[in-house]
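Here's the structure, in structure tokens; my notes come after.
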Amino acid sequence: TDPALIRNFCIIAHIDHGKSTLADRMLQITGVVDDRSMRAQYLDRMDIERERGITIKSQAVRLPWDGHVLNMIDTPGHVDFTYEVSRSLQACEGAVLLVDAAQGIEAQTLANLYLAMSADLHIIPVLNKIDLPAAQPEKFAEELAGLIGCDPSDVLKVSGKTGVGVRELLDHVVSSVPAPVGDADAAARALIFDSVYDTYRGVVTYVRVMDGHLGKRERILMMSTNATHETLEIGVISPEPKTSDLGLGVGEVGYLITGVKDVRQSRVGDTVTSAVKGAQNALAGYEHPKPMVFSGLYPIDGDEYPELREALDKLQLNDAALIYEPETSAALGFGFRVGFLGLLHMEIVRERLEREFGLSLISTAPNVVYRVVMEDGAELTVTNPSEFPTGGKISQVFEPVTKSTILAPSEFIGAIMEICQGRRGQLLGMDYLSEDRVEIRYTLPLGEIIFDFFDQLKSRTRGYASLDYEPAGEQEADLVKVDILLQGEAVDAFSAIVHKDKAYTYGVDMAKKLRELIPRQQFEVPIQAAIGARVIARENIRAIRKDVLAKCYGGDISRKRKLLEKQKEGKKRMKMVGRVEVPQEAFVAALSTD
Ligand code: GDP
Ligand code: MG
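This is how it looks when you write it as structure tokens:
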């Protein structure tokens, strides 16, 4: 295709403002999906996305429109998946910035807009959901225009649901988004913006060609690893993969398959070039996303350790932000310490490992990364609380902090400040977006916001507040390690690092929670919370002799079997810690502590 006829754009927005629904309408209106095969959230291909109604992975699809080729990329909106968005942006020249006409600008609207601006994209401001009775298109057009610096009349108004205005939007993409520019005669350079492992076809690599041309049956070189492969298949997604005998030229977006099974050979952010007369310089890749939250992942059945490793290898290809390394826990055996971008990311990874790879896993309570400086000057990075040094030799502890932005109606300013102050926040500033909506900025410790901060914020503002945060360095803090002991033995998987002022409450709450979560055993189980050698809380689980079969003495055998099966079922999610059976929920109990 002539690059002059190509338009590459993405849709960016706050979560739930209607990106996926608008993408659906575009698929239908351009005719790539007929009415009969249409289903909601067409591009959310993972079950988990459809069930939760959220987009996790970006999706690229080629749409024919008015003699042009549009490559549209649908992106996730949640703060944890910002890195997915920033990757998609580098494959585009334009961005449709979508805002719900009943809600106005939200925290991720701003975050995504800034990403798009720093990637130099042409921005098309669009109000969505204008069919809603509660829509206030005039008010929010003004808000949006004020933000971007355009005239309110330049803001397009659409409904992804009814399709109103979508044709005009597509026309606008053609007329206003710049065509891709590249050197067709130069050596091929294509940016890998996504990679997926497919059981039948091996690794599927998604690329945007910047210069030159990539063809079928061509030897290609991955520039960061120096690995060479042959392209067995090359094509475009529209909306299913379609092979293309012509290959991919300047500005085109598509996929290639090399038959490679090793997932590490096709890295997101890498440059693909020709193995014969390749390019000298790779394209600027992506800044590697830095994991913010760590947690231990252990197979419930220790024999599944190799399967877990393989599953993580495969998932990592599809999820560039995932990192992991082996770790052993005295309580849980062999497993991995895994780094995530946030709690939603953690939840999704765990669920995908269980669903897509059939594993049963225990995950330990998440924590952020601490830097500990010892009195002798030695420094260590703590990603696992059980590695936090004990004893008096610590000189300083640093924790990661964020710059957090909260948008909400101004009536909630008091409530928001109260929550932030309670979590050691420092007010940075406040601006009015319009008469009755404010943007409040705080410095907040990451460790204080990753747990239930967002839930609390939502409930205290009746769901009206939105939150975005970005890393903003570190600060010194008075932190201690709280250990939890079962039968006098510290269980490494239960250790947590908390602020000194909250350590006591934390210990008491955890001990109480565990008493409720751990079922009674055949013997007594004392639970203690301790800072170093100092015990700060204790609870006791009384012994029980649970003779279930006694009840059916003389009863029929099938009833007996049913009972035993029921018991087994209940044990599925249990892990033996020493002699104590501990349910999965106990390992993340700290999560719900407030
Ligand atoms: P995303 O998170 O930005 O991808 O948002 P979705 O496309 O998943 O939409 C979020 C919710 O808004 C869903 O319940 C949609 O049905 C609804 N929605 C999306 N677009 C419209 C619209 O134009 N009008 C109305 N009334 N609802 C919409
Ligand atoms: Mg979506």
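So for the sequence shown, my numbering puts the first residue at 9; every next one is plus one. Quick reminder that beta carbons are idealized off the backbone N, C-alpha and C, glycines included.
{"Query": "Compute the minimum distance between the beta carbon of Thr279 and the heavy atoms of ligand 1, and state whether it is under 6 angstroms.", "Result": "no"}
{"Query": "Determine which residues share a DSSP beta bridge with Lys250 and list them.", "Result": "Val244"}
{"Query": "Note the first and the last residue of the continuous alpha helix (DSSP H) segment covering Ile424.", "Result": "421-430"}
{"Query": "List the endpoints of the continuous alpha helix (DSSP H) containing Glu355.", "Result": "351-365"}
{"Query": "Taking 8 angstroms as the cut-off, does the stretch 500-508 touch the stretch 127-147 (at least 3 CB pairs, one atom from each stretch)?", "Result": "no"}
{"Query": "In terms of residue numbering, what span does the beta strand (DSSP E) encompassing Thr413 cover?", "Result": "402-417"}
{"Query": "For my contact list, Ile448 and Thr410 are in at a C-beta cut-off of 8 angstroms; report their separation, rounded to the angstrom.", "Result": "Actually they do not touch by this definition, with Cβ atoms about 14 angstroms apart."}
{"Query": "Exposed or buried, what is Phe531 when buried is set at 16 or more other beta-carbons lying within 10 Å of its beta-carbon?", "Result": "exposed"}
{"Query": "Relative to the C-alpha of Thr391, which residue among Ile370, Arg468, Val217, Gly455 is closest?", "Result": "Gly455"}
{"Query": "Write down every uninterrupted run of the beta strand (DSSP E) in the stretch 271-355 whose length is 3 residues or greater and which is fully enclosed by it, in chain order.", "Result": "279-282, 301-307, 331-337, 341-348"}
{"Query": "Report buried or exposed for Ala541, applying the criterion of at least 16 other Cβ atoms within 10 angstroms of its Cβ.", "Result": "exposed"}
{"Query": "At the level of alpha carbons, what is the spacing between Val488 and Val533?", "Result": "25 angstroms"}
{"Query": "On the three-state DSSP scale, how would you describe Asn120?", "Result": "helix"}
{"Query": "Using a threshold of 6 angstroms, is the CB atom of Lys165 nearer than that to any non-hydrogen atom of ligand 1?", "Result": "no"}
{"Query": "Tell me the DSSP secondary structure of Cys560 in three-state form.", "Result": "In this prediction, Cys560 has a pLDDT of 49, which is less than 50 and means its spatial position is unreliable; nothing more can be read from the coordinates."}
{"Query": "What does the alpha-carbon distance come out to for the pair Leu291 and Met230?", "Result": "12 angstroms"}
{"Query": "Rounded to a whole number of angstroms, what is the C-alpha to C-alpha distance between Glu482 and Lys401?", "Result": "21 angstroms"}
{"Query": "State the start and end residues of the unbroken beta strand (DSSP E) segment that holds Glu547.", "Result": "542-549"}
{"Query": "CB-CB under 8 angstroms to Ile421, same chain, minus the five flanking residues each way: which ones, in chain order?", "Result": "Met438, Val446, Ile448"}
{"Query": "In the DSSP assignment, what are the bridge partners of Cys18?", "Result": "Ile81, Ala103"}
{"Query": "If we ignore side chains and look at the alpha-carbon of each, how far apart do Asp191 and Leu256 end up?", "Result": "13 angstroms"}
{"Query": "Need the endpoints of the beta strand (DSSP E) that His221 sits in, please.", "Result": "Run containing His221: none; DSSP gives neither H nor E here."}
{"Query": "Ligand 1 heavy atoms versus the CB of Ser28: any closer than 6 angstroms?", "Result": "yes"}
{"Query": "Taking the alpha helix (DSSP H) that Phe396 belongs to, which residues open and close that run?", "Result": "Careful: Phe396 lies outside any alpha helix (DSSP H) and carries neither H nor E."}
{"Query": "Within 7 angstroms (strictly less), CB to CB, does Arg587 reach chain C?", "Result": "The structure shown has no chain C; it contains just one protein chain."}
{"Query": "Could you check where the beta strand (DSSP E) with Arg197 kicks off and where it finishes?", "Result": "197-206"}
{"Query": "Considering only their Cβ atoms, is the gap separating Val69 from Ile245 smaller than 7 angstroms?", "Result": "yes"}
{"Query": "Please work out which residues of its chain come closer than 8 angstroms, Cβ to Cβ, to Gly210, disregarding the five sequence neighbours upstream and downstream, and give them in chain order.", "Result": "Ile265, Thr266, Gly267, Val268, Lys269"}
{"Query": "Do Asp202 and ligand 1 come close, with the Cβ less than 6 angstroms from some heavy atom?", "Result": "no"}
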